[in-house]
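K.L.:
Protein chains in written order, with our numbering: chain A, 1 to 767; chain B, 1001 to 1767. Just passing along the structure, written as structure tokens.
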């Protein structure tokens, strides 16, 4: 049953990995799958609860600080811990270890949206209890996280139950592990705690930015005790100490007795709600009458829609299909439904990359949402609009008189990368965001979005190219930038950057013309507001037209930048396996002196924008870059997979795809403990749909040219395009399209145009 | 009298500047001209004593650390303070302020090697004393620093005199001043203090590296008191507290009485002497019979020789002449006479640049010593040999299998630059050191040096070009390096770097051939030791031959690097005055996108190695770079001045020269308070002798083509070349050469060959 992720057997060694894999999130709240009872003996996990975009700042100290280097960083916070439920059995704390824990079992039910855990525990005196835990972060009520904690007595026991909310929390750090922060970061302080019946309320504030967090946690019981008079364990004891608030109960149990504690937490923060204190109460009131089962039902209904619209079907490849489903589920768990936030690089599953947003969102993750749940894509783009003022400030810091320069990594908009050669120098992020706006506009026709947000983003991003580029002779150059491939920094005329910049300029011009034609008042207001000069659009046109796009006629391929081919090829034969990833074993400057790519760069430009004409160029470039790319970034495989599929080699495409589809599920990068690789998950969807599915949007007409790898019998997916929802079922011999929702729509299948009224079957020999 | 630097009037505002200008140093010890009595009220100085190369380490923390980034920095230490002499007049501390200090006067006597200070001070009750202080750091006894402190009573007074040695010292820091360190750095701890009669001995140790410092301070008196029984103020009181050791005396004085305290300090450290404790005693014993006047006499004799050999004469330009003498004196004060050290960027006058050595030493300062005191040049180059093992390690850190990569900034050899684009990326430092070795060899014929040190330096520096460069087609490229101009970082084929690398390779080949021919045993041993491969020298030859030297045929000039001319010229008109230096107001990456130079780069290559043939190229390049160079580095003016003189425009040369000759004397960069600009001082000598004097070495034959600016009547200087010392006197109408020392020598004057037997006069119309 490939909607279930399951493990059996208690394994302290994989604790931190499992905490990631089984984590519970809904785009706002993310809770690692920590044990309610506390960390098991001798195991090292990462206990954490995160709220998307809820951060605090810290100073960035440079040993040699130059002008314009960022001085303030942002970091997602580990917030108040509502997971704690401690149990004493006849006075002994229920703490898990390999000898006292039996029948341990975990699962993530991606159809129900639940994470579950159950086991039998034996006390030192030999008494046994059975524990069953379910938890969810509600997709329909983003502020709600709930735990359903059941205990069944297998022997007569005296139970003491303690449920806590711990406000005295800090971020994870480990001075001995270079991959994570080595410094303590405790940014939240509790400012108020109160009890009311079985409810704990806690208010905290961030130290640097003064943002507020409100948490309210309600407790209720379901009992099945032999003493029929007990429908409730009775009044609780309250206690409070050093930022921890606790409720305790004593319960006498006979064999066969059981009880369930439902712990429902509501989180709210001042980024989203000024008066969050009231909002927490409001949401708590709304769910006060709901049992955990009710929340589960809501969750199930929501996910039924999700899997129908966004799911993928593959016949013939169960492990990959399971990996893909896992990926899509976690994409959903990670994406903010509120424009104040986006998708952190590790989702809400861990503290890796400090909860920052990168260009990965727009290029690797947004397409999945755009073509299956466009309203989430809209939110993600609207987030970019909210940080536009900061992006303008960043452009000024960099010395640019006009336009915006989106930061390389950020939460609230500040550039948080302390190393500009692979940070701010990646100006392509501007073009990536503009590309996403263009694709959104193309796929949705959402003119309101363009008028309210899109045009301004497009104009402000386009302006930067005239700031950093220059005409030399008849050509427009963009110098001293870094493309997606971070192994070649600060180069001139990076092919990816220049192509994407060209598209950014062209889209800005197109939208400018649209506004001029149809929305002159909007254009006038916007032009005034951002002080758009008379000759700016003319210069965009000239620059787009004259853009340098490196091409080597002899090799008939696109070099990654002006001087790329002048450099020697990296000595791959002389590089031992243990020297990968290269960045961890070679100086960045030294890597820059060679032809060696960390990840798809020119290849990615082809995926996003197609070639410039000749397929031979794509073919030659593919081969060229294939031989010099290390894929030290997990984002690389998907791009190579898609291009291989496009070039008619689905089995080679499958080789790359196999590296990406189950990356977290198999922990193949050995760092899933720090969090999932959400961008890679989005890349896996792209590789499936854009690659094997051969889906390409093109103005109003979506096109499909599926090419299945040998192993697959069928591939099916849905595409939401404009007002229509199209179900695609590709087999080896035919492609079937069904119009599930919306009006008839023109489509292309293997290059031929059709009208999709309700069903269309195209046999593959027409390819 | 242009050997005297003098100021009159008490000026708390210029305290820190004067502490630099009047500082006392001898290449080992440097003592800022602080007041013995302590900082005057309301003034802010920098109290400091430094020992060349005596440092401690500190961790370098990078907010985003990549592989190979340096983790440990080195910092020169402010060491035990022996300057403290406090006076109480009738119980009141003698502390200077504007209302109690009269007839204040300071001088630096560059012929006597003394720094002096005198003033009259009035107590609150109106009693007056006169203070006269002299201090010296002995040029002949590098461990010795002495103070001659005289007090004359103008009224009847009770004097309490306290002389201290303060071991509890730290480096200067000021959290409010971004130019200096904002962090406390206290690296020395006192491990032993003892008294013996009027002698204080103190031993300290550095915290991180465990290096030792030994100081012994002797006190003696000269008295002229009306009570004829007093030839000594009597036994002292000893006291000791928190790292401060103090001797105190009480003296009753009548008007006309006076006394002088001679405080002689001997410094020694474990870098130079393993058993420094004994060495301090030895030196102390040697000078125990000497009075301050004796030390002064030694100083005067030494300086007589210095000025004779190294002095410059100019008729018609007194202020410039004074500035030049000031420069030469401070060069002497700054240069280590021991291969364990070199010349810090600020000499021993302050903590700016943390006491680090840069390429400035070899390119800007070493020529002055090489052509006037070659034994000091030898020491400076030998220092580079001592840090060769660290330079090899640095090359490995950067990923190079062979050769050495000299660090950008260092004391003991570690790369201490935390920002590689303008640090380690400046590989040209390897070529700069090789250049200096070549010039040393050329001017001295010192084959012993080549055999012992030079060949190894040349081979190891040459090897790096094959590591970072590569053949592409028929050309040899050096990619991703930074030239002297730090406004254009990480470029391909920087003209300066490539020309200097070519020379490095050629010199290495030449020395390889010499060894093969005449010293095969040395070559064999060295080749084995550094594992010199069979084809390496052949590859050096190929690379030198095929070296890319950017040339633009249309403009007939040398572009600074491959893509320099493709970039737009910086908007100088749109840049307000207060935005200079640009580096403090614009992002480094942004600057890199324009044609704008911080300092001479291509022009400097011409100065050091001449043009490649056509003078028109030099002329065009000069004009081109003149229009786009900001001279934000003080090192730039000298190079432009020299090229202007060489191109026959001595008056334009003088304009540049005027910016450099009195830079510290006039505090024209407003930061001499942090220390002198020693490299600029060396540049001023170069501009005078290499520029206006038209001196050029060429194999065994020195050549001279003086071109005086209009203002000057005559210019005279001496050149030590091979075994001969040549005095050059250039007037507007003739050049007179006198052979002062050594055998007859062939010379060229204005391009014609002569034999200099004793005197040679060439009239200028032959130019």
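C-beta atoms are modelled at their ideal positions from N, C-alpha and C, and glycine is treated no differently.
Between the alpha carbons of residue 1464(B) and residue 706(A), how many angstroms are there, rounded?
P.N.:
About 52 Å.
K.L.:
Between residue 141(A) and the rest of its own chain, which residues show a CB-CB distance below 8 Å, the 5 nearest in sequence each way excluded?
P.N.:
Result list for residue 141(A): 283, 286, 287, 295 and 298, in chain order.
K.L.:
Are there 16 or more other CB atoms within 10 angstroms of the CB of residue 1250(B), so buried, or fewer, so exposed?
P.N.:
Counting Cβ neighbours within 10 Å, residue 1250(B) comes out exposed, since fewer than 16 surround it.
K.L.:
Considering only the beta carbon of each residue, do residue 756(A) and residue 737(A) sit closer than 8 Å?
P.N.:
Going by C-beta atoms, residue 756(A) is nearer than 8 Å to residue 737(A).
K.L.:
Kindly list, in the order they appear in chain B, the residues whose Cβ is closer than 7 Å to that of residue 468(A).
P.N.:
Chain B residues near residue 468(A): 1593.
K.L.:
Just mark residue 503(A) as buried or exposed, buried being the case when its beta carbon has 16 or more other beta carbons within 10 Å.
P.N.:
Buried, by the Cβ-count rule.
K.L.:
Using a Cβ-Cβ cut-off of less than 7 Å, list which residues of the region 1459-1483 of chain B approach chain A; keep chain order.
P.N.:
Residues passing the 7 Å Cβ filter: 1468, 1470, 1472, 1477, 1479 and 1480.
K.L.:
For the alpha helix (DSSP H) containing residue 517(A), name the first residue and the last one.
P.N.:
Looking at the DSSP string, the run of the alpha helix (DSSP H) that includes residue 517(A) is 495-518.
K.L.:
Looking only at its chain, what residues have a beta carbon closer than 6 Å to the beta carbon of residue 220(A), apart from the 5 residues adjacent to it on each side?
P.N.:
The answer, listed in chain order, is 262.
K.L.:
Would the beta-carbon of residue 1236(B) fall within 8 Å of that of residue 1247(B)?
P.N.:
Closer than 8 Å, so yes.
K.L.:
On the DSSP letters alone, give me the boundaries of the alpha helix (DSSP H) that residue 1615(B) sits inside.
P.N.:
1615-1626 is the extent of the alpha helix (DSSP H) around residue 1615(B).
K.L.:
Looking at C-alpha atoms only, which residue of 1116(B), 1173(B), 1103(B) and 1043(B) is the closest neighbour of residue 1075(B)?
P.N.:
Checked all of 1116(B), 1173(B), 1103(B) and 1043(B); the closest Cα to residue 1075(B) is 1173(B).
K.L.:
Under 8 Å between beta-carbons, which chain A residues line up against residue 1555(B)? List them in chain order, please.
P.N.:
Result: empty, since nearest Cβ-Cβ is about 13 Å, beyond 8 Å.
K.L.:
If we define contact as Cβ-Cβ less than 8 Å, is residue 1420(B) a contact residue for chain A?
P.N.:
Output row for residue 1420(B): interface = yes.
K.L.:
Which residue's Cα is closest to the Cα of residue 689(A): 535(A), 314(A) and 355(A)?
P.N.:
Selected option, being the one with the closest Cα: 314(A).
K.L.:
Chain A beta carbons: is any one of them nearer than 8 Å to that of residue 1068(B)?
P.N.:
It does; some Cβ of chain A falls within 8 Å.
K.L.:
So, do the region 492-499 of chain A and the region 601-621 of chain A have three or more beta carbon pairs nearer to each other than 8 Å?
P.N.:
Because the criterion of three Cβ pairs below 8 Å is met, the region 492-499 of chain A and the region 601-621 of chain A touch.
K.L.:
Can you find a C-beta in chain A that's less than 8 Å from the C-beta of residue 1547(B)?
P.N.:
Not one chain A Cβ lies under 8 Å of residue 1547(B).
K.L.:
Return the Cβ separation of residue 1791(B) and residue 1336(B) in integer angstroms, given the expectation that the two are a contact with Cβ distance under 8 Å.
P.N.:
Given that chain B is displayed from residue 1001 to residue 1767, the structure contains no residue 1791(B) and the question cannot be resolved.
K.L.:
So is residue 49(A) buried or exposed if we call it buried at 16+ other beta carbons inside 10 Å?
P.N.:
Buried, by the Cβ-count rule.
K.L.:
In angstroms, rounded to a whole number, what distance separates the CA positions of residue 1376(B) and residue 185(A)?
P.N.:
Looking at the two C-alpha atoms, the distance is approximately 53 Å.
K.L.:
Beta-carbon separation of residue 1748(B) and residue 1703(B) under 8 Å?
P.N.:
In contact: residue 1748(B) and residue 1703(B) (Cβ atoms closer than 8 Å).
K.L.:
List the whole-angstrom C-beta distance separating residue 728(A) from residue 693(A), where the pair is believed to meet the contact cut-off of C-beta under 8 Å.
P.N.:
Between residue 693(A) and residue 728(A) the Cβ distance is about 6 Å, and since that is below 8 Å, they are a contact.
K.L.:
For residue 744(A), count neighbouring Cβ atoms within 10 angstroms of its own Cβ and tell me buried if that reaches 16, exposed if not.
P.N.:
Exposed is the call here.
K.L.:
From residue 1358(B) to residue 1431(B), what does the alpha carbon distance come to, in whole angstroms?
P.N.:
Roughly 13 Å separates the two Cα atoms.
K.L.:
With a 10 Å radius around its C-beta and 16 neighbouring C-beta atoms as the bar for buried, classify residue 621(A) as buried or exposed.
P.N.:
With 16 or more other Cβ atoms within 10 Å, it is buried.
K.L.:
So for residue 1134(B), helix, strand or coil by DSSP?
P.N.:
Note: residue 1134(B) maps to strand in three-state DSSP.
K.L.:
What residue range does the beta strand (DSSP E) around residue 264(A) cover?
P.N.:
Residue 264(A) -> beta strand (DSSP E) spans 258-269.
K.L.:
Mind pulling the chain B residues with CB within less than 7 Å of residue 590(A)?
P.N.:
Under the 7 Å cutoff, chain B gives 1398 and 1399.
K.L.:
Between the region 1039-1066 of chain B and chain A, which residues of the former have CB atoms less than 7 Å from a CB of the latter, in chain order?
P.N.:
So the list reads 1060, 1061, 1062, 1063, 1064 and 1066, given in the order they occur along the chain.
K.L.:
Could you list which residues in chain B have their beta carbon closer than 7 Å to that of residue 563(A), in chain order?
P.N.:
Ordered by position in chain B, the residues that pass the 7 Å Cβ test against residue 563(A) are 1479, 1492 and 1562.
K.L.:
Locate the alpha helix (DSSP H) running through residue 374(A), then write down its first and last residues.
P.N.:
Element bounds for residue 374(A): 374-386.
K.L.:
Would you mind stating whether residue 106(A) and residue 22(A) have Cβ atoms separated by less than 8 Å?
P.N.:
In contact: residue 106(A) and residue 22(A) (Cβ atoms closer than 8 Å).
K.L.:
Do you know how far the Cα of residue 739(A) is from the Cα of residue 510(A)?
P.N.:
Answer to the nearest angstrom: the Cα atoms are 30 Å apart.
K.L.:
Check whether chain A comes within 8 Å of residue 1502(B), counting only Cβ atoms and requiring the distance to be less than that.
P.N.:
Answer no: the Cβ-Cβ gap between residue 1502(B) and chain A never drops below 8 Å.
K.L.:
Can you name the start and end residues of the beta strand (DSSP E) that residue 1634(B) belongs to?
P.N.:
No beta strand (DSSP E) contains residue 1634(B), which DSSP labels as neither H nor E.
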